[in-house]
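Residue numbers (this note's numbering): 10 to 308.
Some notes on the structure that comes next.
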């Protein structure tokens with residue numbers, strides 16, 4: 010650096026010419042540039058980390074479930090039940106040409122029926138006489154008339170009042186099904202006493218149906234899952250997963266051993282023993298059974 014300053018001063022003073030000045034040699038250290046080898050190693054390392062992260066995420070996604078598929082299955086359940094309530098009606102009828110007499114006969118007959126039911130062990134509060142009805146009864150009569158001018162005979166039919174029919178019904182509602190059944194069969198014995206009574210067919214009911222619906226829904230849903238498991242097991246490596254929805258179908262209450270169905274649902278009242286049939290339409294997620302063993306890295 011000192012030599013460079015001396016040569017510059019001599020040049021300015023005119024003591025030396027440009028040709029006599031030797032070239033300036035830069036003796037300072039050269040600039041250092043980036044080491045591309047080190048940069049390459051860093052980039053390669055980052056790529057390896059990124060590739061490993063992608064592989065790990067892919068394996069995690071495989072172990073998780075892919076897009077869920079929905080399976081629709083119909084399950085059913087049936088149960089035999091016995092009625093715990095009976096409704097039965099006895100119909101009484103009387104006739105008399107006189108309206109008041111017909112009603113009195115009906116009243117006496119009703120008392121006979123009620124007394125008979127009580128004698129069978131039926132409670133007074135379970136017996137309910139309904140309102141009575143009195144109607145006129147007519148008969149067709151043939152009359153002959155002779156016309157005054159031509160003396161011709163003319164026959165004609167006319168309706169003539171015959172008398173009055175009085176009717177009444179006595180109903181029994183009881184939880185003692187067997188007792189009322191017995192009374193319904195034996196009440197016709199009053200016919201021997203002159204009481205015109207007719208026994209109607211009993212109606213049988215089950216009063217715990219609301220509670221039973223919950224039990225039947227659970228049983229039908231379990232049947233739907235079992236069917237889904239059997240179908241998927243035979244189809245491949247899959248099993249039913251989470252229950253998505255369950256819709257309870259129409260409940261059919263049929264006489265015992267009957268499988269009749271109706272869109273509106275059956276509600277049998279004619280038989281003591283009944284079969285209740287419930288249908289559930291369920292939807293399940295389909296879970297694929299994936300081998301959880303991680304893949305062996307290639308060497």
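We treat Cβ as the ideally placed atom computed from N, Cα and C, and that holds for glycine.
Source: prediction; values computed, not measured.
Three-state secondary structure assigned by DSSP to residue i
| i | result |
| --- | --- |
| residue 78 | strand |
| residue 265 | coil |
| residue 55 | helix |
| residue 290 | strand |
| residue 207 | strand |
| residue 215 | coil |
| residue 92 | coil |
| residue 283 | strand |
| residue 184 | coil |
| residue 105 | strand |
| residue 202 | helix |
| residue 189 | helix |
| residue 297 | strand |
| residue 179 | strand |
| residue 197 | helix |
| residue 110 | helix |
| residue 222 | helix |
| residue 37 | Because residue 37 sits at a pLDDT of 48, beneath the cut-off of 50, its placement in the model cannot be relied upon, and the point is left open. |
Residues near residue i in its chain [Cβ-Cβ closer than 7 Å; skip 5 each side]
| i | result |
| --- | --- |
| residue 280 | 213, 264 and 265 |
| residue 236 | 82 and 84 |
| residue 6 | Because the chain is modelled from 10 through 308, residue 6 falls outside the range shown and cannot be assessed. |
| residue 274 | 259, 260 and 261 |
Contact under 8 Å by Cβ, residue i with residue j
| i | j | result |
| --- | --- | --- |
| residue 127 | residue 133 | yes |
| residue 150 | residue 167 | yes |
| residue 98 | residue 180 | yes |
| residue 94 | residue 184 | yes |
| residue 109 | residue 206 | no |
| residue 289 | residue 256 | yes |
| residue 182 | residue 121 | no |
| residue 114 | residue 175 | yes |
| residue 178 | residue 139 | yes |
| residue 186 | residue 254 | no |
| residue 297 | residue 247 | yes |
| residue 293 | residue 250 | yes |
| residue 211 | residue 190 | yes |
Neighbourhood of residue i by C-beta distance below 6 Å, restricted to the same chain and skipping five residues each side
| i | result |
| --- | --- |
| residue 225 | 86 and 287 |
| residue 231 | none |
Sequence-distant residues of its chain with Cβ nearer than 8 Å to residue i (five each side left out)
| i | result |
| --- | --- |
| residue 188 | 129, 130 and 131 |
| residue 164 | 151, 152, 153 and 154 |
| residue 271 | 259 and 261 |
| residue 107 | 172 and 173 |
| residue 229 | 84, 85, 86, 257, 287, 288 and 289 |
| residue 217 | 93 |
| residue 238 | 248 and 249 |
| residue 147 | 168, 169, 170 and 171 |
| residue 111 | 103, 104, 105, 143, 172, 173, 174 and 175 |
Distance cut-off 7 Å: residue i Cβ against heavy atoms of the ligand ATP
| i | result |
| --- | --- |
| residue 100 | No copy of the ligand ATP occurs in the structure displayed, which carries no ligand at all. |
- [ ] Quick one: which unbroken beta strand (DSSP E) runs of 3-plus residues sit fully inside the region 116–168? Chain order, please.
- [x] 136–138 and 142–155
TODO: Taking only runs that begin and end inside the region 228–281, name each unbroken beta strand (DSSP E) of 3 or more residues, in chain order.
DONE: 247–257 and 261–264
- [ ] Determine, using beta-carbon pairs with one atom in the region 251–264 and one in the region 196–214, whether at least three such pairs fall under 8 Å.
- [x] no
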